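With this note's numbering applied, the sequence shown covers 1357 to 2247. Glycine residues also receive a C-beta, built at the ideal position from the N, C-alpha and C atoms. The structure displayed is predicted, hence computed values, not measured ones. One structure is given here, and the rest of the page talks about it.
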Amino acid sequence: MIKKAKSIKNIFDEIKDFDLVITNDAPLATALNKLVNHPRLGYLAMTPRQIASDFAGIYMNGIFEKSEIMLSICRDSGKPLKLIHGLLSKIYDMWNYNAKLEFLEQYLSEYEIKILNMLKDYPSVETAMENFNEDFFVSKKIAVVGEDLFTLLDKEVFPRKSSPAAIFDVFEESAYKIDKTFLFSNTNSLVDNIAGLIENDIAGQTAIVVSPQSNFHELIRIRLKEKGIKIEEKSLLSSNMTVRKLINFIEFSLNSDSADVREFAYTAVNFNLNLPKEFYNYDMGMYVGLAINDNSIKSLVKISRDISKLTYKGLLEKLSGLNQFILQEEFHTAIELMNLSEVKINHDNFESLKYFLREIDAEMKSEAGGVIFVNALNSAFIDRDIVFYIGLDNSWMKLFPEKDYLDRNEEEKKNLLRFQILLQQGSQRYYFVRNISEYKEVIPCYYFSQIYGRKINNFKDEIFNPVIATNKIKKANYEIKRKVKQSDSIQTITSLSPTSLNNYFFCPKYYSVSKLLTSEHAQNMTRGSLMHNFAELYFNHPDFAIKKINEIKNIMTDELKLFNSNLNSDYINSEFDIAIRNVIRFIDSQNIKKVKSQKPQSPEDNLLMRHFGKDKIYINTERWINDTAGSGIKGKIDLYYDSTIVDYKTSATAKKESAISLQSNPDVIKMEEYQNFDFQAMAYLTAYKTNEMEKLFIYNYLLSNSKDYITDQEITDKNLVSIRFINLNFFDYIKSDEFINRLIQNEKTEKLMDKAGKFFFIRLFDNLNLSYEDYFNKEKLKSRVIETAVSLLNELNLKYSDFGNKRHDTFIKDCIVPIGETIFKIRTGNDETGFLFKDDSDKFVSFVKQCISEINEFNKSVYPFRPAFGLSETCKGCSINNLCIGNKIWH
């Protein structure tokens, strides 16, 4: 059973007559002090650290902050800030659990002991706690609340010699029962309801308890912000927009040798300076020499170029004159604390500054009076009337690693006690949980099983008093006007990836489920992703990749086997060998112009490059789409160069060019009810559509020519499938010189050109009077070409005999039919390359926008069961058909 925790008011009633109450829970101390309603000398309740700080103020010559200590030791040792920060964090952690510095050396290395000895030269709050003298209390009557929750270092401030402290438990003898738990079937319904229940008049009374490991915190915070609800958050220096702008400016300036005006423009905007777009393609030197008329822009350019000559203080002084660019005092303090004020800016000290801001940070003045978010992993008491408990799954369980200096069992007992206290905070408590996730029941936090001495498998257990959240939730102090929503999205979408578009066209219901799974699943490492990793490594570091090729194959094989131990290692290794050789062969054959990144990047998603510590040098690989065409498409390109998009596939079978052309075209897919539709080629070509006349999309099927390698045949390029995008409407293209020249490559059709001239072909195509869809109907197209050609030739008084034919039907077969066949071949992509055209792309954009519009509408209600073409065949191929009540197999 859950132990009944005393309320903050009950604890106050028990200890209010003491001179001092010691608790290691800071929110509890604050809450107890707020309840004091008469004048008194000093606080009623204090934490050990607060007591030690007061003690140090009297008995010690001042104490150092942790940040000061860290920076001083960093300077004295000459070691990087990151290393010293890590070592000191470890030592402080050990100190907290062992109370005495002298006990720590047995757990430390020789170098760590050296840092420990340096630490002893800097008195701190921890020093004051370890050396605390209880004479400081004089003759105060002292109470301790929740003794079991203190660390050994905390307990150093307890009185022992004179009058021992009175000990008060935080629990009563009775048990606590959860009144009601609301079970939600999806995350967004849960989030929507919290946002619907909280208004600004109660925001200051409300707390939301959530695990930082879940996605609930950010989703709820966004929804509350959108609604205009006040949130009481720490304002950190690293999150301040002005500080971020400064950091971005320094980073740009230190890496701006090859920057153009477009890149500088993004930085200048931070200073409210707008550069004319007509100069975006200029290099900075030309722009400075020819085009700058704005003195503010001139000043910013000069500051940027002189960055390495400036000290941090000098930089801030120069920037302060630009459009009132004023930095918070806390940033100036941080610079001084790091002794950087008079230091010239360079890459090393700038990296240290960024690390300091990211890891140590500094709290700025925060606005109070709103909803607070409480960390479920390290909290107990909450001084709020209304408390929402979100999730309550295993992400609420704090896990302790095995450490020599830590009594793991003891710490887990403390956390179990804190968990029970936490569940009972506030006078109004609302428990909101997901009961289903990924088609499985969510398992409640393991603490529940420990408390009740039996396995608690789901939230339908009687201990939760579960309620399925489908009706209005009536709560005291709330004016609830809306029902629980069953929405699968929390915001309007503006773009789709090709995969999401495929899923939506397949069936809106399947899209909604796959979208949920994608957001909640970690993506397993697959053959495809591993090969993408290698392709990016080889493109950026070819010589290194060749040198390490065997090690790379072994790493990839081992990684794949983590997810399926039954795989044959030799077989997988040989597959990777073939795929790797195809990647190398392709990249080496293309004479690619590599475009350098402004600054080498650490590719977080590339397992191989992380393993070998290699940075991404060129921007050609794994490139996010910048949708300048307004297509509504998002995604990442495997390789981009010279108007060419490359996508690597690990399928052993390559698609035909015509299949890709047809299966990328929504109109044809609907017309022909193609089941194997795939919008990727069309999507990426459309998203990258520019004023260039042509782009090329290449699928590289890395295993489709395996036989060539296995049988030692000549290696062919049959693994490469190309799609040409022509930036003309199809109707305009067939009247182009390129297409007409293609027609007259047939010597019999060439006779038409000789006798009737080019204008004959132009008139022929102008008079076909076919719809967009008709060009995909081979027989109708051929028939119309024959009919129109014969009519035009009659107008020109030309007969079949004029072209050397003895029979009319032979003339039609040899000279006219090839025209229709060539048009059809190009229209359907059944050639050396596939073809897509501007009007295909324009129709595709309309199709994508229609899908996005529908999705945003369905987000407000329910996604329909609408399999592509309304066919049961579509449902048969669906991975969720056994869960789908609307599938066409059953109806």
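Tell me which residue opens and which closes the alpha helix (DSSP H) that residue i is part of.
i	result
P2022	2022-2028
Q1406	1404-1415
E2177	2173-2183
P1854	1854-1862
W1451	1437-1454
N1929	1925-1945
N2212	2194-2214
Y1803	1802-1808
A2008	Segment: none, A2008 is in no alpha helix (DSSP H) and carries neither H nor E.
Quick one: Cα of residue i to Cα of residue j, how far?
i	j	result
I1425	Y1478	7 Å
S1545	I1824	12 Å
P1959	I1975	11 Å
G1552	S1591	26 Å
K1456	P1757	21 Å
S2139	E2177	11 Å
S1945	S2017	25 Å
I1742	Q1784	5 Å
M1753	T1882	30 Å
L1963	L2124	56 Å
N1827	I1746	A caution first: N1827 carries a pLDDT of 42, below 50, which makes its placement in the model unreliable, though a value can still be read off. Using only the alpha carbons, I get a separation of about 19 Å.
E1818	I2054	58 Å
R2250	K1952	Outside the modelled stretch of the chain, which goes from 1357 to 2247, sits residue 2250, for which no answer is possible.
F1744	I1807	21 Å
K2074	T1537	60 Å
F2180	I1792	51 Å
C1801	D1994	41 Å
N2133	I2168	19 Å
Between the beta-carbon of residue i and the beta-carbon of residue j, is there less than 8 Å?
i	j	result
M1485	L1509	yes
V1798	F1820	no
I1691	L1675	no
L2052	S2078	yes
Y1532	I1371	no
P1383	D1914	no
A2080	Y2131	In the sequence as presented, Ala is not what sits at residue 2080; that position holds Arg. Cβ atoms of R2080 and Y2131: not closer than 8 Å.
I1908	S2062	no
I1576	I1550	yes
L1505	L1678	no
I1849	F1895	no
I2100	E2106	yes
A1891	Y2004	yes
I1603	K1476	no
E2013	N2150	no
K1360	F1527	yes
Considering only residues of the same chain and omitting the five flanking positions on each side of residue i, which have a CB-CB separation below 8 Å?
i	result
E2048	S1999, N2083
N1611	Q1954, K1955
L1472	I1447, L1457, L1460, E1461, L1464
Grab me the residues of residue i's own chain with a C-beta within less than 7 Å of its C-beta, minus the 5 sequence neighbours each way, in chain order.
i	result
Y1399	N1389
I1653	A1624, L1629, L1631
S1851	D1983, G1988, I1989, K1990
D1704	none
M1356	Look at the range of the chain in this structure, 1357 to 2247, and you will see that residue 1356 is not part of it.
D1369	none
T2144	L2120, N2123, L2124
Mind checking who residue i pairs with in its DSSP beta bridge?
i	result
F1538	F1788, V1823
Q1957	K1972
K1700	T1667
A1563	I1728, V1743
Y2156	None, per the DSSP bridge assignment.
Can you give me the Cβ contacts of residue i inside the same chain, cut-off strictly under 6 Å, excluding the 5 residues immediately before and after it?
i	result
D2170	K2104
K1700	T1667
I1716	S1423
D1373	none
I1948	Y1997
The beta strand (DSSP E) with residue i in it runs from where to where?
i	result
D1994	1992-1997
D2003	2000-2005
E1424	Run containing E1424: none in the beta strand (DSSP E); it sits in the alpha helix (DSSP H), 1422-1433.
L2052	2050-2057
F2081	2076-2082
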